[in-house]
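Take any residue in the sequence shown, count from 1 to its spot, add 1: that is its number in the numbering used here. The beta carbon of each residue, even a glycine, is placed where N, CA and C say it ideally should be. Below is one structure, written out as structure tokens, with a few remarks after it.
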Amino acid sequence: MQKFLIAIVVFFVLPFNLNAFQLSDTTDKGKIVIYSEYRDISPGEVIKISLQSPKCSSAKAYFEGKEYSFVPDREHSALFLLIGLGLDMKPGVYDLNTCIDFPDGSQKNYSFKLPVTKGIFPVRKITVDRKFIVPSPEAQERIIEEVELVNEVYGAYTPGWLCNGNFIVPSNGKIRKNFGEKRVFNNEFHSRHRGVDIRSCRGSKIKAANSGKVVLTRNLYFAGNTVIIDHGASLFTIYCHLSKTFVKEGESVHKGDVMGLVGSTGRVTGPHLHWGVKLAGKFVNPLSLLQLSFD
Ligand SMILES: [Zn+2]
């Protein structure tokens with residue numbers, strides 16, 4: 002994780018790390034500070050942008066043609082937003098533009114450069130039951146319905162931030178660093194792995210990685226028994242292949258609440274927890290979210 006300070010008004014690149022930025026500006030609206038926090042700037046990573054501007058009424062950022070809203074942190078001492086770098090992002094320098102609104106209708110705008118590096122992801126061959134490679138017509142119908150349902154869940158925007166402090170690992174066990182892995186199933190079907198797998202014994206407890214609202218508990222064809230939590234501000238955590246689920250849709254959960262047990266439902270080769278994170282429509286690496294500070 003990296004935190005950096007730069008005490009000048011315009012964008013400044015630190016000589017020892019091309020990715021770093023922080024800005025501090027003394028204005029007629031008081032002091033404005035913007036700074037970043039992240040593990041890396043490469044596909045699948047999460048970038049946290051914090052803003053201190055006590056007199057502002059709201060603030061937004063624009064990245065890759067998308068608008069992001071800043072939300073207050075837990076202490077209401079600063080605003081922040083999270084940007085997820087998609088797995089398909091090409092290396093290059095991307096513009097991040099921020100726009101801060103003040104009650105008198107005036108605005109302040111600041112721009113930053115994000116140099117995105119190339120993501121390196123291994124290839125893994127996996128053999129699964131043939132029904133997961135060539136689903137029956139009934140299963141295909143089911144899969145289409147499930148994709149629509151899950152997309153609807155991810156499309157909902159809950160304003161504000163429901164989390165309580167930093168994220169935690171949801172289950173005991175060995176965490177495989179296999180986010181983004183290029184997978185070849187039965188030598189014929191290619192896909193990307195959009196989460197990390199935690200190898201736990203069948204029946205191990207699965208906890209909420211942070212507080213939020215349960216927005217889906219279903220048995221899905223590929224993901225098996227699945228729980229999705231909405232943490233607010235377009236951030237969702239996903240828990241798949243459960244043997245048992247103890248929570249219901251619409252229920253609020255606190256960080257650390259036990260929501261179910263590890264199992265091997267859906268397309269798996271053995272019991273484990275598949276843990277995913279979706280941020281503003283993009284799957285990102287849960288391990289990069291763990292590195293960010295929300296206290
Ligand atoms: Zn997985």
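Which listed residue (the options) has its alpha carbon closest to that of residue i
i: Gly161; options: Phe71, Ser205, Ala224 and Phe295; result: Phe71
i: Arg203; options: Gly282, Ser244 and Ile48; result: Ser244
i: Phe284; options: Thr27, Leu82 and Tyr155; result: Tyr155
i: Ile48; options: Gly87, Lys30 and Ser58; result: Gly87
i: Leu82; options: Gly93, Lys91, Cys100 and Val94; result: Cys100
i: Asp41; options: Arg75, Phe113 and Gly85; result: Gly85
i: Ser212; options: Thr218, Lys256, Phe180 and Val170; result: Lys256
i: Gly181; options: Tyr158, Asn165 and Asp198; result: Asp198
i: Asn110; options: Arg75, Phe122 and Leu97; result: Leu97
i: His232; options: Gly166, Ser192, Gly261 and Phe190; result: Gly166
i: Cys260; options: His273, Thr246, Val117 and Ile144; result: As written in the sequence, residue 260 is Met, which differs from the Cys given in the question. Closest by alpha carbon: Thr246.
Simplified DSSP state of residue i, which is helix, strand or coil
i: Phe64; result: strand
i: Lys49; result: strand
i: Ile35; result: strand
i: Asn152; result: helix
i: Gln292; result: coil
i: Lys132; result: helix
i: Pro55; result: coil
i: Met195; result: Looking at the sequence provided, one finds Arg at residue 195 rather than Met. If DSSP states are grouped into helix, strand and coil, Arg195 belongs with coil.
i: Pro287; result: helix
i: Pro116; result: strand
i: Ile169; result: coil
i: Arg40; result: coil
Rounded C-alpha distance that separates residue i from residue j
i: Ser172; j: Val216; result: 20 Å
i: Lys56; j: Asp105; result: 10 Å
i: Asp258; j: Pro287; result: 18 Å
i: Gly267; j: Ser54; result: 47 Å
i: Val214; j: Ser253; result: The sequence given here places Lys at residue 214; Val does not occur at that position. Each residue's Cα considered, the two are about 4 Å apart.
i: Ala24; j: Tyr36; result: Per the sequence shown, residue 24 should be read as Leu rather than Ala. Their Cα atoms are separated by approximately 6 Å.
i: Val151; j: Leu115; result: 31 Å
i: Ser137; j: Asn226; result: 20 Å
i: Leu163; j: Ile229; result: 14 Å
i: Leu274; j: Arg193; result: 17 Å
i: Gly271; j: Gly174; result: 14 Å
i: Cys241; j: Lys30; result: 47 Å
i: Lys61; j: Val94; result: 20 Å
i: Ile207; j: Pro44; result: 27 Å
Chain C within 8 Å of residue i, Cβ atoms only
i: Met90; result: Going by chain labels, chain C is absent from the structure shown, which holds only one protein chain.
Residue i: CB within 7 Å of a non-hydrogen atom of ligand 3
i: Val278; result: Among the ligands present in this structure, namely ligand 1, ligand 3 is not found.
Within 6 Å of ligand 1: residues by beta-carbon to any heavy atom: His194, Gly196, Asp198 and His275
Three-pair Cβ contact test at 8 Å for the stretch 272-279 versus the stretch 236-251: yes
Any 3 or more C-beta pairs closer than 8 Å across the stretch 63-70 and the stretch 217-229: no
Sufficient close CB pairs (3 or more, under 8 Å) joining the stretch 116-136 to the stretch 182-201: yes
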